[in-house]
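Positions -20 to -1, 1 to 397 (mature numbering (1 follows the signal peptide of the UniProt record, and there is no 0)) are the ones given, in order, by the sequence shown.
For each residue, glycine too, the CB sits at the ideal point set by N, CA and C.
This report concerns only the one structure given below.
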Amino acid sequence: MLLRTLFTCAALAPALAAQSAPIQLQGQDADDRFGESIAFVGDLDGDGLSELAVGAPGKQSSSTQTVGTVSLFSGANGRELGVAFGALAGTGFGARIAPSRDLSGDGVPDLLVGAPDADRVVAIDGASFAAGNPAPLWSNDGEPNGQFGRALDSIGDQTGDGVPDLAVGAPFGGGDIAGFGPGQVWLLSGATGRSFGVLSAPGADNGSFGWSLANVGDVNGDGRDDLAVGAPLDDGVATAVGAVYLFSPATDAPLTSWFGRRAGDDFGHALERGPDVSGDGVASLFIGAPASTIAPPTAGSVLWLELSNGQRLAQFSAPTVGGRFGWALASDGAGQLAVGEPLAPASIESIGMVHTFDLRTASSSVVAGSQGEAEFGATLAWNPAADVSSSDVLAIGAPFFDVEFGSDEGQVDLYLN
Ligand SMILES: [Ca+2]
Ligand SMILES: [Ca+2]
Ligand SMILES: [Ca+2]
Ligand SMILES: [Ca+2]
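Here it is in structure tokens:
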């Protein structure tokens, strides 16, 4: 299938077609929703290759309560190293995962798990997880009913203690009535889990501020990482057009903002840090707007922005109406971008598609899911090769994949480049 984009495509090379057949990881039981979150979390067992963490927020415990899990897989051979269970039922533990770098001071990266249905975030010790016995470092319960933990990212050391700190989105937080707020982003000390600041929604409406987050590195030159925050229902320039705000956590002040173009665009649903294309040390940013109609009848787009000056570098879109192109984004950090379109084609059996773009060669390719309504491409993670002997790995989640008919165990496909 030829992808139509506004991006100048000098050549369309089937990059993924040259890749090996995917390695598949699957959920075990009905309604696990294995793959609803996926993240490469760094090398936890010391072999030089990053491990993969996969969330299954619908996983039941042996007493049939839905507690949710996060499973850790070896980056070297895909072997399951350990499983972390949510402590309580009905929390959505594992709905989000983020790498956090080392929080405990042992030199081994740790990881962050969101349980947004209980407004809880848990930091898990990476070394103990790799050894098969995951131990929590701390947990933080935000304010109730704000979906605290729906988005997570590491923001570098903001507090000056040498330990990386964390941002946690609560997209329905901050209101007078619980669960109807404009959204908030909490800043947590990586060392203790305690909050040291809150970013408030610049718009007063229910804009879902904090639905998505991306550490974009230091944009304003003060030596600290800055943070892009998505508010996909923000009413900034039209009803629910969506917005993305660039914050300096050091000053709590938005540095700048961008908005969707038409009502209902869902602009800012997904964010991903892009490469430094201008060579000045400042990153670029990809912004997903999965309901945008920038060039009807297409639906869904991704905007690529240069952060040093806010200039638009490119816009990507797909020909499928209603496929939700831009629902999920992943970058290898070096100039490749993956865009999930989990409902494509939306007409009959939506198998889901993932489009990849090599921004350096202006080539692109597409892979499709294998099963209707599995939402292949709803989640993505891309791990660059650690050295010349290893492969870079694109992980694609299909959280509603049926191993048995109609049972939503979930699946993750790993494509090795
Ligand atoms: Ca490893
Ligand atoms: Ca650690
Ligand atoms: Ca710190
Ligand atoms: Ca900064």
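Measure the alpha-carbon distance for residue i versus residue j and round it to whole angstroms.
i                 : j              : result
alanine 223       : glutamine 291  : 16 Å
glycine 315       : alanine 271    : 25 Å
glutamate 321     : isoleucine 157 : 34 Å
glycine 62        : serine 41      : 15 Å
aspartate 388     : proline 379    : 7 Å
phenylalanine 152 : valine 257     : 35 Å
phenylalanine 305 : leucine 235    : 28 Å
Reducing DSSP to helix, strand and coil, say where residue i ends up.
i                 : result
proline 96        : helix
serine 119        : strand
phenylalanine 227 : strand
phenylalanine 380 : coil
phenylalanine 160 : coil
glutamate 60      : strand
phenylalanine 305 : coil
leucine 52        : strand
phenylalanine 239 : strand
leucine 287       : coil
valine 165        : strand
For ligand 3, is there any heavy atom lying closer than 6 Å to the beta carbon of residue i?
i             : result
aspartate 145 : yes
aspartate 141 : yes
State buried or exposed for residue i, treating a residue as buried only when at least 16 other CB atoms are found within 10 Å of its CB.
i                : result
phenylalanine 20 : buried
glycine 259      : exposed
alanine 95       : buried
arginine 174     : exposed
glutamine 138    : buried
valine 262       : buried
glutamate 252    : buried
alanine 103      : buried
When you measure from the CB of residue i to every non-hydrogen atom of ligand 2, does any distance come out below 6 Å?
i             : result
aspartate 214 : no
residue 474   : The first residue shown for the chain is -20 and the last is 397, placing residue 474 beyond what the model contains.
aspartate 137 : no
glycine 93    : Per the sequence presented here, residue 93 reads as valine, with glycine not at that position. False, no ligand heavy atom lies under 6 Å from that Cβ.
aspartate 198 : no
May I ask which residues mark the beginning and end of the alpha helix (DSSP H) holding residue i?
i           : result
residue 398 : The shown model of the chain, from -20 to 397, leaves out residue 398, and the question about it has no answer.
For residue i, report the span of its beta strand (DSSP E) as first-last.
i             : result
leucine 265   : 264 to 269
glycine 35    : 32 to 36
histidine 335 : 333 to 338
serine 188    : It is not in any beta strand (DSSP E) - serine 188 carries neither H nor E in the DSSP assignment.
isoleucine 77 : 76 to 81
glutamine 40  : No beta strand (DSSP E) contains glutamine 40, which DSSP labels as neither H nor E.
valine 209    : 206 to 211
Compute the minimum distance between the beta carbon of residue i and the heavy atoms of ligand 4, and state whether it is under 6 Å.
i          : result
serine 228 : yes
Would you say residue i touches ligand 1, meaning its beta carbon is less than 6 Å from a heavy atom?
i            : result
aspartate 23 : yes
aspartate 27 : yes
alanine 187  : In the sequence as displayed, the identity of residue 187 is glycine instead of alanine. No, the beta carbon of glycine 187 sits no closer than 6 Å to any heavy atom of ligand 1.
Report yes or no: is there a C-beta of chain B within less than 7 Å of the C-beta of residue i?
i           : result
leucine 396 : Among the chains of the structure shown, chain B does not appear; only one protein chain is present.
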